[in-house]
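**Student:** Plus 1 on top of the position in the sequence shown (first one is 1) and you've got the numbering used here. Cβ atoms here follow ideal geometry from the backbone N, Cα and C, with glycine treated the same way. Sending over a structure as structure tokens; questions will come in a sec.
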Amino acid sequence: MSRTHDRGAVEDFGRWREFSAGMWAWLLHKFTGWILVGYLFTHIAVLSTAIGVDPGQAAAGTDLYTETLQGLEELLIVRFLEVGLLAAAVFHILNGIRLLFVDIGVGLGVQDESFYAAVLLSAVITLASIPTFLGGQL
Ligand code: HEM
């Protein structure tokens, strides 16, 4: 005999209010993972400006790569994006290590607590990075 379950509508975005810690962990891990993939392409694009750089220009700091980096670092929005990237990377790494422990059966009974610890530690590390990324900018 088959039974039906009312899982609600997938498109009902109001359901985030009922999310458990595990659901937030799953969402944040996916979100940060894909942010990192997106950044990888940006990173490769910036690094590609170093291809074929003239050593003389590089020594004088007038090559395309140096100018690209300097131009980006001058933009305040880039500094803020760097803080966001660090937050995403730190959370993904800490939560990823937590998930790997869970996969081998370590910390199964404290999954909510370890998720909150990962969020808290990520926030502390991100806040501590602000003077470095935004130093002299604000
Ligand atoms: C020390 C570094 C990292 C650790 C420990 C880590 C850990 C993990 C783990 C355990 C998962 C699977 C989560 C699950 O069970 O659903 C995962 C998923 C993923 N990671 Fe990482 N990761 C790291 C770095 C990265 C980096 C550098 C990138 C991107 C360039 C990345 C992108 C992703 C993506 C896209 C997923 C799949 C997300 C999804 O479910 O759609 N990770 N990571």
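1) Can you give me the start and stop residues for the alpha helix (DSSP H) that R16 sits inside?
2) So if I measure from each beta-carbon to every heavy atom of the ligand HEM and keep distances below 6 Å, which residues remain?
3) Can you tell which of A61, Y66, A90, D55 has the C-alpha that lies nearest to the C-alpha of A46?
4) Measure the Cβ-Cβ separation of G108 and F102 and say whether it is below 8 Å.
5) Please say whether L122 and L95 have beta carbons closer to each other than 8 Å?
6) Determine the extent of the alpha helix (DSSP H) in which T67 is found, giving its start and end residues.
7) Nearest to G110 by alpha carbon, out of G57, G23, T5?
8) Express the C-alpha separation of L73 and R80 in angstroms, rounding to a whole number.
9) Give every residue of the same chain whose Cβ lies closer than 7 Å to the Cβ of A119, excluding the five residues on either side of it in the sequence, and list them in chain order.
10) Relative to the alpha-carbon of I52, which residue among L87, T69, V125 has its alpha-carbon at the smallest distance?
**Tutor:** This is what the structure gives:
1) Per DSSP, R16 belongs to no alpha helix (DSSP H) and is neither H nor E.
2) Result: H30, K31, G34, W35, L37, V38, L41, H93, I94, G97, I98, L100, L101.
3) Considering only alpha carbons, the answer is Y66.
4) It is a contact, given that the beta carbons lie within the stated cut-off.
5) Cβ atoms of L95 and L122: closer than 8 Å.
6) Taken as a continuous stretch (DSSP letters only), the alpha helix (DSSP H) holding T67 covers 65-75.
7) Among G57, G23, T5, the Cα nearest to that of G110 is on G23.
8) Between R80 and L73, the C-alpha separation is close to 9 Å.
9) Cβ within range, chain order: F92, L95, N96, R99.
10) Of L87, T69, V125, the residue nearest in Cα terms is T69.
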